[in-house]
Amino acid sequence: MLMSKVVGGAGDTFNAKPADFKDNLYLAVNGAWQEKAEIPSDKSRTGGFMDLDEGVEKKLMKEFHEFAAGEKAVDDELMEQAVKLYRLTNNVDHLSKFHQQPILKDMQRISDLNSLQDLSENMAQLSKDGFPLPIDGEVDADMKNTAKNALYIGGASLILPDKSYYDKDNESGKKLLAKYAEIAGRLLSMIGYKLDDAKEIVDKALVFDKALLPIVKSSEEWADYTKVYNPMDFTEFVTKSDKLDLKTLVTDLINDTPDKVIITEPRYLDNLNKLVNVDTFENIKAWMMVKFLTGNASILDEEFRQTIGEYQLAKSGAKELRNRTKYTYHFASGIFSEVVGAYYGKKYFGEEAKDNVREMVKKMISIYEQRLSNNDWLSEDTKKKAIVKLDKIVIKVGYPDKIQDIYSKFQINENDSLYDNVSRIKKIITQDSLDQFHKPVDREKWLMPGHMVNACYDPSRNDITFPAAILQAPFYSLDQTNSQNFGGIGAVIAHEISHAFDNNGAQFDEYGNMNNWWTKEDYAKFQDLTKKVIDEFDGIPYAGSKVNGTLVVSENVADVGGLRCALEAAKEDSDFDAKAFFTNWAKVWRNKSTKQLTEMFLSVDVHSPAPLRANVMAQNMDEFYDAFDVKPGDGMWLDPDKRVNIW
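Just so we're aligned, residue 1 is where the sequence shown starts under the UniProt record's numbering, counting upward by one.
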C-alpha cells in the first residue's frame, strides 16, 4: 500500500497532532511544532529553511542599520554602495518628494508607440531598458557547447503564476486575476490616468494575456529543462514574423549577426504572427504598460509599494507586507547580492568552515563513486563516463573568493530617486549580460549568494553551490552527531550531486554540454526508474489538490539519490544512529505555509511538498523500517517492490 495514513494537507490545513514514527515520520518529528508554529504576519511560510533565513535576516538587518546610521564604519567600497542603496530605499520622505514622476517618462515611451512598426523599430532598445516585450532575447551558455555563449529567444509570460490558475474551475485564480486588474487600474490612476482610461488599458492587457494562454509553456513543460534548447538558423528565424523586424532585434541586442539563435518555446514562435500583428498591437501596448508599471511600482514610493503589495499579499497569503526597513534590507541585499553574501560568509562562516564543508562534499562524492561502481543496472561503459562526470564536478562552498566586476559599476546617488538609481543598475546588468555573447562562459560565476539559505547544481557548468547560510543547524553543526549532520547537510550535499544524474542533469556531460553519454539500453533503464519516481508521487492528495509527479520528478530523483548516498556515508561511522539520521532528515523539512502559497507551489514548484519529501523518501529506504520497526499495516509501510532506488 502507498501512504495509507501519511498523506494530508499542509499550511493552514495541516493541523495533525504528533504521530508515531511508524505511521507518519514527518508528524512524529514535527507534529508538536506544526500545531504551535505561527507563520509570521509578513511571510507566507515558516519552518526549517525559513527559520535560518530569518536568523540571517536579523543579523544583516542590524548591521545595515548600524552602517547606514554611521554607528559602524564600512571598510569595503562595494559594501558602501549597498549601504547607500539601503539608506536611500529607507528614506521615505525623500522618495515621497518624487512620487510618480520618475516612471512617467518611461511610461510615456510605451504610450508614444503609435504602431506595430514603431514597436518593431524600437524593440532592442526597449529590451535593453527593461521593458516587457512579446518576444525578446537573452545570452546564456550554449547548452551543447558550454565554453561559448549563445542568444536564447523567448516569449511573453502570463500575468498569473501558471496556466492552471486560468482553469475554469480554479476560483482562486479568478479572484487573483480580478485583484491584479483592480490594482493595475489603481496604479494607472495614481500616475495620472482617468479611471475609465485606466480600465480600458487593463482590459486590453488582459485580452493579450488570455491570447497567450494556449500558447505559452506550463510549469510542467518548463520543468523539462533540455526542451528549452531548440537551435534555429538565424536566416530561418528572421522569417518567423510578418510584422516584426527580428533581424534588427537580434543584431542590435548583441551587436553581431549570429549563425543561429536558440528558441526556448517553439510553439510560441510558431504562433508569433497570430499573437503579434496589427490587430493585436493596442492590446500588446496596453499589456506592456500594465506589466511595466506593476513590475516597478514598489520602487517609486511607499504608497505605490503598499498598493502593488495588495496583489502580492493576495498571491502569497501573507497577512501584511514587510515593514519598510525589512523591505529595504531585502531590496539592497538582493541587488548587491554577491557583495552582501561575501560579507556574510567571511564574517559568520569563514575559511576554516569552508575547508571543512568542502571535505564533506568530497567525501560524499567518493560515496557516490562507490555507489556508481557497485551499481547493478548500468553497463561498465556508462559507469566509467558517469564517474568521469562525478570527478569533474566543481565544488563551490560558502561564498566566492572574487566578486564579479559588474558590481563596481553600481554607483548609488542618494540625491536621485530610487527608481532612477535602480533603472541605471538594471540597464548595466542587461548590457553586461548581452556583452557576454562575445566572451567565453564564466565558469567562476556563482548562482547563489553566501547569505542565501539554499543550495544548487548547475548542469551547464557541472558545479554545485552550498552558500554559507545553509551550513548551520539543523543542517550542520559541530554540536550534532555525524548521523544528524548526514541526515541534514549530508543529504543536501548528496541531493545536489544527484542532480548531475537526474532526468535533466543526466543529459549533460562532465563539461556541462548537452550530450548523450549513455548506452541506449542504460538510458532506457534509467527512464524506467524515473517513471517509477513519477508514479510514486503522481496524484498524492495534498492540501485539497494533488501532486503532479511529472513536475516534481527531477527534485525527487535528486532526493532519493541524495538520501541513499547520505545514508551510506552515515553508516560508515561506528556510532551510526539510524533514528537520529531519519529524525534530522524529517526535521529539516518542517514547513507551514499559507493556503495560497501551497496552491501556487503545487502548480509551479519543481519540489514536492516538504512533508511528502520527508515521508516518501524515508519509505524508500530499507533502513528506515528496521530503525523504527515498521511493519505491514503501519502508515509508513511501503511494499518492498514499490520502494524506489536509483543511485
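Built from N, CA and C at the ideal position, the CB exists for glycine as well. The model shown is predicted, which means the values in this text are computed figures rather than measured ones.
Is it true that the CB of residue j sits closer than 8 Å to the CB of residue i?
| i | j | result |
| --- | --- | --- |
| V202 | A178 | no |
| L25 | N556 | no |
| K209 | L133 | Checking the sequence shown, residue 209 turns out to be Asp, not Lys. No, they are not a contact pair. |
| D538 | K389 | no |
| F410 | I387 | no |
| V92 | E302 | yes |
| N90 | T328 | yes |
| N122 | K204 | no |
| Q596 | G317 | yes |
| V216 | E171 | no |
| D559 | M600 | no |
| I254 | L126 | no |
| Y343 | M514 | no |
| V630 | F437 | no |
| S379 | D522 | yes |
Counting only the same chain and skipping the five closest in sequence on each side, list residues whose C-beta sits under 8 Å from that of residue i.
| i | result |
| --- | --- |
| Q306 | L321 |
| K427 | K128, D129 and G130 |
| T419 | Here residue 419 is Tyr; the residue named in the question, Thr, does not match the sequence. Contacts found: F98, P102, I103, N296, I299 and L300. |
| K383 | L372, S373 and N375 |
| S483 | A570, D573, D575, F576, D577, A578, A580, F581 and N584 |
| N145 | N513 |
Excluding the 5 residues preceding and the 5 following residue i in the sequence, name in chain order all residues of the same chain whose CB lies nearer than 6 Å to its CB.
| i | result |
| --- | --- |
| D458 | L447 |
| G633 | none |
| E54 | none |
| D391 | none |
| T257 | T251 |
| G185 | A198, K199 and V202 |
| W518 | T382 |
| S41 | K319 and E320 |
Buried or exposed for residue i, going by 16 or more other Cβ atoms inside 10 Å?
| i | result |
| --- | --- |
| S423 | buried |
| F366 | Residue identity check: residue 366 is Ser in the sequence provided, not Phe. Answer is exposed; the Cβ neighbour count stays below 16. |
| G295 | exposed |
| N415 | exposed |
| N548 | buried |
| E38 | exposed |
| K347 | exposed |
| N485 | buried |
| S241 | buried |
| K84 | buried |
| S164 | buried |
| G544 | exposed |
| residue 658 | One cannot answer for residue 658 here, as it falls past the ends of the chain, which runs 1 to 647. |
| D502 | buried |
| G309 | buried |
| V278 | exposed |
| F628 | buried |
| L206 | buried |
| R590 | buried |
Excluding the five sequence neighbours on either side, which residues of its own chain have a C-beta within less than 7 Å of the C-beta of residue i, listed in chain order?
| i | result |
| --- | --- |
| N413 | N421 |
| D463 | I393, V394 and K396 |
| E200 | none |
| D405 | none |
| D142 | K148, N149 and A150 |
| V238 | L246 and K247 |
| S4 | For S4, the predicted structure reports a pLDDT of 31, less than 50, and the residue's modelled location is therefore unreliable. A value from the coordinates is still provided. The residues are G635. |
| D20 | A28 |
| K291 | P132 |
What distance in whole Å lies between the Cβ atoms of residue j and residue i, which are believed to be in contact at a cut-off of 8 Å?
| i | j | result |
| --- | --- | --- |
| K540 | L612 | In the sequence under discussion, the amino acid at residue 540 is Ile, which differs from the Lys named in the question. 6 Å between Cβ atoms; contact. |
| A473 | M452 | Their Cβ separation, rounded to whole angstroms, is 17 Å, which puts A473 and M452 out of contact at 8 Å. |
| M621 | L567 | 6 Å |
| G512 | V588 | Going by Cβ atoms, the distance from G512 to V588 rounds to 29 Å, so no, they are not a contact pair. |
| G345 | Y399 | 3 Å |
| L272 | I135 | 7 Å |
| residue 654 | S96 | This structure cannot settle anything about residue 654, because the visible part of the chain is limited to 1 through 647. |
| T594 | R45 | 7 Å |
| residue 699 | L212 | Outside the shown range of the chain (1 to 647) lies residue 699, about which nothing can therefore be said. |
| A610 | L563 | About 14 Å; that fails the 8 Å criterion. |
| V606 | S554 | 6 Å |
| residue 691 | L471 | With the chain covering only 1 through 647, there is no way to say anything about residue 691. |
Does residue i have its Cβ less than 8 Å from a Cβ in chain B?
| i | result |
| --- | --- |
| G350 | The displayed structure is made up of one protein chain only, and chain B is not part of it. |
Regarding residue i and the ligand NAD, is the C-beta to nearest heavy atom distance less than 7 Å?
| i | result |
| --- | --- |
| V202 | For the ligand NAD, the structure offers nothing, since it holds no ligand at all. |
- May I have a chain-ordered list of the alpha helix (DSSP H) segments no shorter than 4 residues that lie completely inside the segment 314 to 383? 324 to 335, 337 to 348 and 350 to 373
- Uninterrupted alpha helix (DSSP H) stretches inside the segment 275 to 321 (no shorter than 4 residues): 281 to 296 and 302 to 316
- Query: Hey, which unbroken runs of the alpha helix (DSSP H) at 4 residues or more fall wholly within the segment 476 to 551?
  - Reply: Whole alpha helix (DSSP H) segments, 4+ residues: 482 to 485, 491 to 498 and 520 to 537.
- Query: Can you list, in chain order, the stretches of the beta strand (DSSP E) that have 3 or more residues and sit fully within the segment 192 to 253?
  - Reply: List check, beta strand (DSSP E) in window: 231 to 233.
- Query: Whole alpha helix (DSSP H) runs in the segment 147 to 194 with 4 or more residues, listed along the chain?
  - Reply: Those alpha helix (DSSP H) runs which fall completely within the segment 147 to 194 and span 4+ residues are 171 to 190.
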